[in-house]
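Trainee:
There are 4 protein chains.
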Amino acid sequence: MTADDLVSLRRDLHRTPEPAWREFYTTARIVDELESRLGDELAELHVGPDALAGEHRMALPGDAELTHWYEQARTAGVDDDLLERLEGGYTGAVAVLERGEGPTVGLRVDIDALPRTESDDPDHRPAAAGFRSEREGAMHACGHDAHATIGVSVLERIAESDFSGTLKVFFQPAEEVVGGAKSMAESEHIRDVDSLLAVHIGLDHPTGEIVAGIDGFLAVSHLEAEFAGESAHAGGHPEQGRNAVQAMATAVQNLYGIPRHNDGATRVNAGVVEGGSAANVIPDEARLVAEVRGKTTDLMEYMKRRTRRVLRSAAEMHDCEVDVEPGAEAPSATSDEALVSIVADVAGETPGVERVLERDELGGSEDATFLMRAVQENGGNACYVGVGTDHPGGHHTATFDIDEASIGHGIDVLAGAIERIGRERP
Amino acid sequence: MTADDLVSLRRDLHRTPEPAWREFYTTARIVDELESRLGDELAELHVGPDALAGEHRMALPGDAELTHWYEQARTAGVDDDLLERLEGGYTGAVAVLERGEGPTVGLRVDIDALPRTESDDPDHRPAAAGFRSEREGAMHACGHDAHATIGVSVLERIAESDFSGTLKVFFQPAEEVVGGAKSMAESEHIRDVDSLLAVHIGLDHPTGEIVAGIDGFLAVSHLEAEFAGESAHAGGHPEQGRNAVQAMATAVQNLYGIPRHNDGATRVNAGVVEGGSAANVIPDEARLVAEVRGKTTDLMEYMKRRTRRVLRSAAEMHDCEVDVEPGAEAPSATSDEALVSIVADVAGETPGVERVLERDELGGSEDATFLMRAVQENGGNACYVGVGTDHPGGHHTATFDIDEASIGHGIDVLAGAIERIGRERP
Amino acid sequence: MTADDLVSLRRDLHRTPEPAWREFYTTARIVDELESRLGDELAELHVGPDALAGEHRMALPGDAELTHWYEQARTAGVDDDLLERLEGGYTGAVAVLERGEGPTVGLRVDIDALPRTESDDPDHRPAAAGFRSEREGAMHACGHDAHATIGVSVLERIAESDFSGTLKVFFQPAEEVVGGAKSMAESEHIRDVDSLLAVHIGLDHPTGEIVAGIDGFLAVSHLEAEFAGESAHAGGHPEQGRNAVQAMATAVQNLYGIPRHNDGATRVNAGVVEGGSAANVIPDEARLVAEVRGKTTDLMEYMKRRTRRVLRSAAEMHDCEVDVEPGAEAPSATSDEALVSIVADVAGETPGVERVLERDELGGSEDATFLMRAVQENGGNACYVGVGTDHPGGHHTATFDIDEASIGHGIDVLAGAIERIGRERP
Amino acid sequence: MTADDLVSLRRDLHRTPEPAWREFYTTARIVDELESRLGDELAELHVGPDALAGEHRMALPGDAELTHWYEQARTAGVDDDLLERLEGGYTGAVAVLERGEGPTVGLRVDIDALPRTESDDPDHRPAAAGFRSEREGAMHACGHDAHATIGVSVLERIAESDFSGTLKVFFQPAEEVVGGAKSMAESEHIRDVDSLLAVHIGLDHPTGEIVAGIDGFLAVSHLEAEFAGESAHAGGHPEQGRNAVQAMATAVQNLYGIPRHNDGATRVNAGVVEGGSAANVIPDEARLVAEVRGKTTDLMEYMKRRTRRVLRSAAEMHDCEVDVEPGAEAPSATSDEALVSIVADVAGETPGVERVLERDELGGSEDATFLMRAVQENGGNACYVGVGTDHPGGHHTATFDIDEASIGHGIDVLAGAIERIGRERP
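Chains as they are written, first to last, in full-length UniProt numbering: chain X, 1 to 426; chain E, 1 to 426; chain W, 1 to 426; chain F, 1 to 426.
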């Protein structure tokens, strides 16, 4: 792919962001691109229920939501046959290139967007240059548009190289809700992978910087709490209400106040709240979507225990009930030195790469850890690579954007590392 | 109208609840009923922009919302010509019956529903008897379906009586958002009204009880607060966020903690909250719809001042901005003795009425006070009549329902009082 | 007593304020004054355990506190014999004047001060005129210095009048903690009282105004909550703490947020808080002294129930225990019309009294209601009289003071009413 | 000193705990011990204003508090001449041993206790064995009694050794309030120190374990906030109050909710709160003593900024003022490898030491960092040594105690390291 091709694909995906398990257009676009560029060279191209272990998908949205995005993809011109295979939230794909004897190398890229509105500030380049999100309330605010582009291009590059072995690229859905990796980690496709690379762009590293091995993934757990009280006329009988919003507000205040822990970093966020029906009705229901994280699984469990205590007591304080639904979870993981040193070497020789960090901490979470652990438990190696990019707004904010030059750096480093892995069988 | 007619009309309205300014079907149904029952006997029948002073409508919903309900009404078979006159939220009607010399008597009934889901418990009669709400998320949980029915029937009854004078019935939209009465109070229709009656069913009084004059309306004021902060990755950079949900939760906790006041009753309610976009994003926006009330306008103003202080400080605490949009307001009012004694007398002679209370306190708010004050300021009298009904659930709750026998009591008392007013010109 | 005598006694008491059950000097000063002015004319003068039913004393302070104030009284020169009779918090006195046949009239005055520091602002008259509190942290901020003075003077005045019957003056301790009246209401002294008057100065009424009968006493209940958690090094192991101060702060926020009640006024106050030991230790204990009130006893019970729920849940939220100790309570009461009309008549004829209100609402609480109810339950009458006084600061604030002219108004009205009761036996 | 001497000295100090700047008895006891054991062998023994730079003392208590503890020390039999030199909070001592040519080695031990009540549980050894605290509300809950003992013994041991050089032992007051080290770091005594050792016992390491070099000191900052509102009668006029306790509770809730930071550990604690005067008075004042910490000084500054914002907004929310008084602060620091390796070597050869950790993180704060930085800035080395001890309760808790066997380990390792430093001049 030419540099123009890369920009063009990335911008088309950026314009059409689709949140977790709703990547209908995105998957189709990737499949089209692979078929037109690689055609019969691909040994296998799995989409739909074949691509993942469906029963392990987590954090699936409701039917209405799935249908809405499905229909949008149809309207956008996605081929009906392909679309039907994705129906019900079977998004994502696994592409396999067989190139003779050698190790099986995996590359994982995630493809989903976030449920947030993109900035329309003229200083925001996607707005100025005409590739701002065309999907209301959704945005590629974490660079997965670039990841998908890298995945396609690396396949093409390896197909043209003298790599010996097998390359599998996992186009993974639903990373943002910590929902997709597990279903790929439980599928048959991961079983024979000897070395797995995963990639993320940005992460506060500037263009020209590569982090060979990222560690410090926070274990993460999502949950949803529904508070149920009793409504009443807010003017006539406030005392007859059991106020679910008051319970939720008490919970939010105290969730952020869970004590810090000496064993390492913890996190808590009340990310989505809603409740009540009208100004003059004491609210009888409220909903809270939250997440907790910990540097280790134990720390995540500590946060979960304290969170449940807070939710339960806040409900009780206002004579409400609370139902806490556990959500998706991901463990932590580490990058293996064998792969880290290969990536560092290759990066050091890559044009445009000015600085190589051996290791850095993520300080966030990633469900790639499911895939990394699966490979490591099978005796293989895994490595999570960071590709620096100048990003004006922070990850997950309305003004996030990338420096498109860094897409090329990612492709060069990853393709180079895959070739080296083919040779060295680490 | 026969008792069956009354039940049938009330249940049809109950089945088709429409919230404030969205009473398209409801208005059309009332107009149809009036035309088929009274036809040319009506001197005037105002609908659409003619029925009210449009620029004084408060708390109008957005266009998308209006369109959604408009289209639902069309689907339900409302006549296109009539519907067009209501377009843009010009709901409600004023019907005028001229019967020779005599005073102009007004009767105000409100017709809107609440934005809440009706119970589907089999013990809830509308569910059991098949007239539960067919509009998702909307419900007649305050008896306005009965009020509209009473309005139609009283017009018919007076048309058949020997009442001398003019009767105007105000089918008022948008009471629940305190949004409709002002636009009728500012219209020409109220100017020549000498005596105004308003009516409410229930209010914790059982079937067979009539309250001749209700007082103690709490002055009320609505507001909407939008908190704006800054999003950030909740795992990666929680410190970079400015958390709008945390600000809102702090506000909710402290709003309910505004000190009680020695001068009389006050109220506060955070009726609707929402905020945030995803579990892993520090929320950059949150919205709060609240109301405050006071036994006097001064007490309401006290609550408004304290509320603004809480909202402002809560935003500042979390480095957010807050924009507070004032909403609808209604004053307090009192029932005039001249009318109260007439209503009490008539009620005392009405079959089925077992107990008459001269006076009672509402303890809630009502925008009927705008109309009462308008008439009183013109030198006329006003009286707010309570019609007892056994109601299993409280007002504004999912199991609210009425005893349909009380509809007849309301019609008898009001029609009787109007006839007496015609004779006595109080 | 001359006007100068009145001012002199009131100022001496003002200078020596003693909180509940610590009125050693105050009681002694009253006893001295009575003995020197009335001597053998008094049929009985009860002090110490004889004056009240000791086992019904509520809200007694600890021994250390009692000893501290006892010793201060000794240092101030109180006679040892008398002091010994008061030991252990048996403060207050009952003086009985027998003047032949006739009804037994009671007059109740309270004598305790508040635990607060008096203003030393030169604009505060007690500071400017040299009779500011000499007891650190205590102040007559509610006029009980004037009440005690009135009690003494009325006795003297009746002794000089042609009143026929018996007069008992109850110099009651510990009103501010709602702790003293019950022990006098349970004593034998109240049993034969036919008519009881109680008096309060100020209450936002100006000098020259008399309220013949005060009603609207809020029922009140005190409580003390002790939160117990677990300490930990705040830097080293914050997660090992169970934070009692965090629990208490959550409780305070939610106590003030207990829903208002449609049946009438309620109150809640977290009046005293303390907790923790050092900046670098997670607090393992915290204490909260609170009170709730209600227009009726039912409303007070509603507030108690909600308060207990808040305290319990706040403790649980932070994995703490809470021990809730119920404190003193007082019911509500009403003034009997028979006495109200006598007081109103007398007040109307009293020089200096410019305005007489038949009735007014207190809007606060008073344990005089125990005595009023005791007399009423025995078939007698009771009446709570308000004596207006210009007071620059509000009751219970650091700048409260009275207009000393109003002391005379109180004496004239009460003595006049007692004489009239003697004649009319209402 | 024999093992019995060590236990005896430690227990005497444990029995007589004195909080920051009040170590009158403690200092005197140390001075006595030094004089009786070393007599003229000490080149210098500085106490009082000579021992430290008085104007740099931080977090001094008030005069009343100083006087109270001063008098207690006098009562306990401290020599008057010595006591006078300590008057006004000039506690602590610096002892200097000159032993010919060689480097100047410093050893810093802290000597103050905590303001908390010691457990009287029979399972708590100091209670069972009769050396529980005899100072009400004070306790050696962090092992400084052992540190002082180690300081005395190391001096004696070095005096008996063939160490060549100068040894200065800093018996530092007021570590717990982060108040004493700065005044010693600003004194002349630190200027010529080439190598500084500091020591702490416990820190969750068991008996037999030595940490050669501790790092990860959290920078810390204390502050005190006074909220001022306006009092009012809680029953009569709650709306006239400006509630300082409500403001403080809001602040506490939101302080603990300050966002965690991706750059590293942060801490916040509302360690002491108090407010209000009586149950029936709206509180007009409240006080909060808090601390914040950060892995770096920048993180501490982040916490300070957010804390000030929370305090200011919480006051404003309840119409109160807040005055924030900055308190003591300490920076972070690291142990120098040159000394760490010496300590590790010596420890490895010390009988009773079963495990040596090169490095560990403190996870708390220490004002020893002032002294360490002063030496390092002068071109010297510093090292903070951890001496494991089995401690049943956590540091700063009521059941903290040490395994007295570890006192000997500390003395052996430190004396051995000092001798080696004398030889190797690292």
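All C-beta atoms in this analysis are idealised placements derived from N, C-alpha and C, irrespective of residue type, glycine included.
Leaving out the 5 sequence neighbours to the left and right, which residues in its chain are closer than 7 Å to I158 of chain W when beta-carbon positions are compared?
Mentor: Excluding residues within five positions, the ones whose Cβ falls inside 7 Å are L97, L167, A415 and I418.
Trainee: Please list the partners that Y256 of chain E has in chain X, where partner means a Cβ-to-Cβ separation under 9 Å.
Mentor: Result: N243, Q246 and A249.
Trainee: Within a Cβ cutoff of 6 Å, which residues of the same chain sit near R37 of chain W, ignoring the five residues on either side of it in sequence?
Mentor: Result list for R37 of chain W: E156, in chain order.
Trainee: Measuring CB to CB, does K295 of chain X end up less than 9 Å from L218 of chain X?
Mentor: Yes; because the gap between Cβ atoms is below 9 Å, this pair is in contact.
Trainee: Would you mind giving the Cβ-Cβ distance between V245 of chain X and G275 of chain X, rounded to the nearest angstrom? I have them listed as a contact below 8 Å.
Mentor: About 4 Å separates the two Cβ atoms, so the contact holds.
Trainee: Counting only beta-carbon atoms, is I282 of chain X nearer than 9 Å to chain W?
Mentor: At least one chain W Cβ lies under 9 Å of I282 of chain X.
Trainee: Measuring alpha carbon to alpha carbon, tell me which of X:G386, X:R425 and X:A138 ends up nearest H14 of chain X.
Mentor: Among X:G386, X:R425 and X:A138, the Cα nearest to that of H14 of chain X belongs to X:A138.
Trainee: In chain order, which continuous runs of the alpha helix (DSSP H) of length 4 or greater are located wholly inside the stretch 232-257 of chain W?
Mentor: Within the stretch 232-257 of chain W, the complete alpha helix (DSSP H) runs of at least 4 residues are 244-255.
Trainee: Kindly indicate which three-state DSSP category P326 of chain X falls into: helix, strand or coil?
Mentor: Three-state result, P326 of chain X: strand.
Trainee: Give me the residue from X:S313, X:A278 and X:P49 with the minimum Cα distance to V289 of chain E.
Mentor: For the residues X:S313, X:A278 and X:P49, the minimum Cα distance to V289 of chain E belongs to X:A278.
Trainee: Skipping 5 residues on each side, what residues in its chain have a beta carbon closer than 8 Å to that of A265 of chain F?
Mentor: Contacts found: L218, R293, G294, K295, L299 and G363.
Trainee: List the residues that DSSP assigns as beta-bridge partners of A198 of chain W.
Mentor: According to DSSP, which records beta bridges pairwise, A198 of chain W is partnered with W:R108 and W:Y384.
Trainee: So with Cβ pairs under 9 Å, would you call H409 of chain W a contact of chain F?
Mentor: Not one chain F Cβ lies under 9 Å of H409 of chain W.
Trainee: Could you list which residues in chain E have their beta carbon closer than 8 Å to that of T266 of chain W, in chain order?
Mentor: R260, listed in chain order.
Trainee: Kindly list, in the order they appear in chain F, the residues whose Cβ is closer than 8 Å to that of R22 of chain W.
Mentor: Those within 8 Å of R22 of chain W in chain F number zero; the least Cβ separation is about 14 Å.
Trainee: Would you report the Cα separation of S231 of chain E and L114 of chain X, rounded to the nearest angstrom?
Mentor: Their backbone Cα atoms lie some 12 Å apart in a straight line.
Trainee: For G380 of chain E, count the other beta carbons within 10 Å of its own beta carbon; 16 or more makes it buried, fewer makes it exposed. Which is it?
Mentor: Buried, since its Cβ has 16 or more Cβ neighbours within 10 Å.
Trainee: Please list the residues of the stretch 306-323 of chain X that have a C-beta atom closer than 9 Å to any C-beta atom in chain W, keeping them in chain order.
Mentor: Of all residues in the stretch 306-323 of chain X, R306, R309, V310, R312, S313, A314, A315, E316, M317, H318 and D319 have a Cβ within less than 9 Å of some Cβ in chain W.
Trainee: By Cβ distance, which residues of its chain are closer than 7 Å to A128 of chain F, with the 5 residues on each side in sequence left out?
Mentor: Here the set comprises P122.
Trainee: Check the Cβ-Cβ distances between A333 of chain W and every residue of chain F, and say whether any is below 9 Å.
Mentor: Chain F, which has no Cβ nearer than 9 Å to the Cβ of A333 of chain W, makes this no.
Trainee: Out of curiosity, what's the CA-to-CA distance linking G89 of chain W and M184 of chain W?
Mentor: Going by the C-alpha atoms only, they are around 14 Å apart.
Trainee: Provide the residue span of the alpha helix (DSSP H) that contains A212 of chain E, from first to last.
Mentor: Segment E209 to D215 is the beta strand (DSSP E) holding A212 of chain E; no alpha helix (DSSP H) there.
Trainee: Could you check whether the Cβ of A53 of chain F sits closer than 9 Å to any Cβ belonging to chain W?
Mentor: It does not: the Cβ of A53 of chain F has no partner Cβ on chain W nearer than 9 Å.
Trainee: Strictly below 7 Å CB to CB, what residues from chain F border H237 of chain E?
Mentor: Simply N262.
Trainee: Taking 9 Å as the threshold (beta carbon to beta carbon), is Y302 of chain E in contact with chain F?
Mentor: Yes - at least one Cβ of chain F is within 9 Å of the one on Y302 of chain E.
Trainee: What did DSSP end up calling K295 of chain E once you bin it into helix, strand or coil?
Mentor: Here K295 of chain E sits in coil by DSSP.
Trainee: Helix, strand or coil for F170 of chain X? Go by DSSP, reduced to three states.
Mentor: Here F170 of chain X sits in strand by DSSP.
Trainee: For T2 of chain X, count the other beta carbons within 10 Å of its own beta carbon; 16 or more makes it buried, fewer makes it exposed. Which is it?
Mentor: Exposed, by the Cβ-count rule.
Trainee: Can you tell me whether R135 of chain E is helix, strand or coil according to DSSP?
Mentor: Of the three classes helix, strand and coil, the one that applies to R135 of chain E here is coil, per DSSP.
Trainee: Would you mind sorting R191 of chain W into buried or exposed? The rule is 16 or more other CB atoms within 10 Å of its CB.
Mentor: Result: exposed.
Trainee: For D112 of chain X, is the classification buried or exposed, using 16 other Cβ atoms within 10 angstroms of its Cβ as the cut-off for buried?
Mentor: Looking at its Cβ environment, which holds 16 or more other Cβ atoms inside 10 Å, D112 of chain X is buried.
Trainee: What residues from chain X crowd round T296 of chain E, counting only those whose CB sits closer than 7 Å?
Mentor: Within 7 Å Cβ-Cβ: nothing; T296 of chain E doesn't reach chain X, min ~14 Å.
Trainee: Using a Cβ-Cβ distance under 9 Å, would R108 of chain F count as near chain W?
Mentor: For R108 of chain F, the answer is no, since every Cβ of chain W falls outside 9 Å of its Cβ.
Trainee: With distances taken between CB atoms, is the gap from Q215 of chain W to R359 of chain W smaller than 9 Å?
Mentor: The sequence shown places Asp at residue 215 of chain W, rather than the Gln named in the question. For D215 of chain W and R359 of chain W, yes; Cβs fall inside 9 Å.
Trainee: Check the Cβ of Q240 of chain W against every Cβ in chain E and list those closer than 8 Å, keeping chain order.
Mentor: In chain order: nothing, as chain E lies at least about 23 Å away.
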